[in-house]
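Taken in sequence, the protein lines are chains C and D. If you read the first sequence in UniProt numbering, its first letter stands for residue 1, the second for the next number, and so on. If you read the second sequence in UniProt numbering, its first letter stands for residue 1, the second for the next number, and so on. Ideal Cβ positions, reconstructed from N, Cα and C, are used throughout, including at glycine. Note that the structure is a prediction, hence the values are computed from the model and not measured. Report on one structure; see the data block that follows.
Protein chains: 2
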Amino acid sequence: MHCKPNNLGIIERKEREKAEMRRRIVDAAVQMIVEEGYEKVSIRNIADKIEYSPATIYLYYKDKDELLYDVQSQAFATLAEEFREKINAEDPFKRLEQLAIAYLEFSRQHPELYDLMFIIKAPMNTLVEKEKWENGDPSYDALHGLMQECIEKKVVKFKDATIATLSVWGFAHGLISLHLRGRCTKVSRVPEEEVPRVIATAIDEYLEMIKA
Amino acid sequence: MHCKPNNLGIIERKEREKAEMRRRIVDAAVQMIVEEGYEKVSIRNIADKIEYSPATIYLYYKDKDELLYDVQSQAFATLAEEFREKINAEDPFKRLEQLAIAYLEFSRQHPELYDLMFIIKAPMNTLVEKEKWENGDPSYDALHGLMQECIEKKVVKFKDATIATLSVWGFAHGLISLHLRGRCTKVSRVPEEEVPRVIATAIDEYLEMIKA
DNA sequence: AAATATACTGAACAGTGTTTATTTTCCAAA
DNA sequence: TTTGGAAAATAAACACTGTTCAGTATATTT
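Written as structure tokens, this is what we have:
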């Protein structure tokens, strides 16, 4: 009987080590995405970086998609932090503007992470088993709650919070992702270097338009 | 000397055959995308379908990206045709509504083609050499011209045609692509089967909002 | 110290895009 | 009609990818 606490201690440590290994794997992947781009992230490259065999990664993640799901989670954590830092106005509509700016800025400072969070299919494949997409929740809830407050205080034209949330998110994401995937460049006569300004202006105008 | 016309005839025929082979390759790829999805499209699978060796494809396309560029071109041709069929109102704003509906409907009837046209990176890689993205031009011009007319006749709130074009396009694309890449589902409490209706409503509301 | 459970890995499988040396096919001149 | 040379097609390989599995090394328990 006296061995129980000992065993439990070891089990606990084992779980700690398991969690730490997963953290090492995810950290390596995040670093590779940021520094070398999403396309360079392969199981073998991650294994090289953390100095383990590729097969070892499969002891901690059932497949690459599941790994990328955790990478995505980490990316969302940094976005949520940006939100926390940069959204601080009293006026809810002012907060909405701050959120839009923070979102746009994040997409520019971490384009590869933005890609993984909102465009790339892979991390979403795990949701067939997971049932719910928890990664985006804090950020989504931040916007949803804000839109709800804006509607209640009648500072926006929207009636329904869900439609408002998807509209604002969709508008920003549409412009950002078209740009990110090269669909703005070389279409129309807008010079490449001006596209970022056009996007920022479009978002500004949109926010002005939804103002009640 | 009498051989010249003969040679030219053969050269002509060779060029016809070359063009036809490229058409066969692209057709096979289009069919595979539509029927089995983009991920099933590999050089080997295309080669199997047209009953040639994989290496043969490289006699007609320098790489897969260039091939996909032609597939994308074909996809844009069908979108342009949809536009021609479905946009026929006199009132420019009514035409804008028709365009939005046609665009949304296209994304639903050919989601995999939509993906290749507006989301997937691969076909845009050839633009480093090609300098200009011609594929999307007719469709883009249709929207741009329409927005210009709407601005001139003061039926929309926009002042600048380029910003108007990117705004409308971006709004629709944002919602469509978020849905297509699984970011609408399982976020918030909107049931999956209602998302299409929410998107349609959001676009409706948006068009109402930009109306002058 | 021996037995057992855990952690790790080398090697392989099946797939991908792409290249090169070789073979087959075609056409024109001898 | 046969032959020489160009053009077209290919088999095989290379360097990758994600993933699996049999076997080895390490750690824990008996």
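Taking Glu129(C) as reference, the option from Asp63(C), Lys159(C), Ile50(C), Tyr103(C) with the minimal CA-CA separation is Asp63(C). Looking only at Arg181(D), Lys94(D), Val41(D), the smallest Cα-Cα distance to Leu127(C) is reached by Arg181(D). Secondary structure at Lys40(C): helix, using DSSP grouped into helix, strand and coil. Using beta-carbon distances, Tyr103(C) does not count as an interface residue toward chain D, since no partner is under 9 Å. Take the alpha-carbon of Arg44(D) and the one of Tyr60(D): they are about 15 Å apart.
Per DSSP, His173(C) is one residue of the alpha helix (DSSP H) stretching across 161-180. Distance from the CA of Glu82(C) to the CA of Gly174(D), rounded to the nearest whole angstrom, comes to 22 Å. Interface criterion not met: the Cβ of Tyr114(C) is under 9 Å from no Cβ in chain D. Comparing alpha carbon positions, the residue from Leu143(C), Met117(C), Trp169(C) closest to Thr78(C) is Met117(C). Note on Asp91(C): under 16 other CB atoms within 10 angstroms of its CB, so exposed under the neighbour-count rule. When secondary structure is reduced to three states using DSSP, Lys211(D) falls in the strand class.
The C-beta separation of Leu104(C) from Ile203(C) comes to about 7 Å, placing the pair in contact by the 8 Å criterion. In this structure, the straight-line span from the alpha carbon of Ile33(C) to that of Ala55(D) is close to 32 Å.
DSSP lists Lys211(D) as the beta-bridge partner residues of Val156(D). The Cβ-Cβ distance between Thr201(C) and Glu192(C) does not fall below 9 Å.
Listed along the chain, the chain D residues whose CB falls inside 8 Å of the CB of Met209(C) are Lys157, Met209, Ile210. In the three-state reduction of the DSSP assignment, Lys18(D) falls in the helix class. Within the same chain, Asp65, Leu68 come within 6 Å of Ala122(D) by CB-CB distance, once the 5 residues on both sides are set aside.
In the structure shown, Tyr114(D) falls within a helical segment according to DSSP collapsed to helix, strand and coil. Interface flag for Ser107(C) against chain D is unset, since no Cβ pair is found closer than 9 Å. The Cβ-Cβ distance between Lys153(D) and Ile210(D) does not fall below 9 Å. Within its own chain, the residues whose Cβ lies closer than 7 Å to the Cβ of Leu146(C), once the five positions on either side in sequence are excluded, are Pro92, Arg95, Leu96, Leu99, listed in chain order. The beta carbon of Thr56(D) does not come within 9 Å of any beta carbon belonging to chain C, so the residue lies off that interface.
Taking 9 Å as the cut-off, the Cβ atoms of Ile151(D) and Ile176(D) do not count as close.
Ala102(D) sits close to Ile87(D), with the two beta carbons spaced by under 9 Å. Scanning chain C for C-beta atoms nearer than 7 Å to the C-beta of Tyr206(D) yields Ser167, reported in chain order.
Between the region 158-169 of chain D and the region 133-143 of chain D, the count of Cβ pairs shorter than 8 Å is three or higher; the stretches touch.
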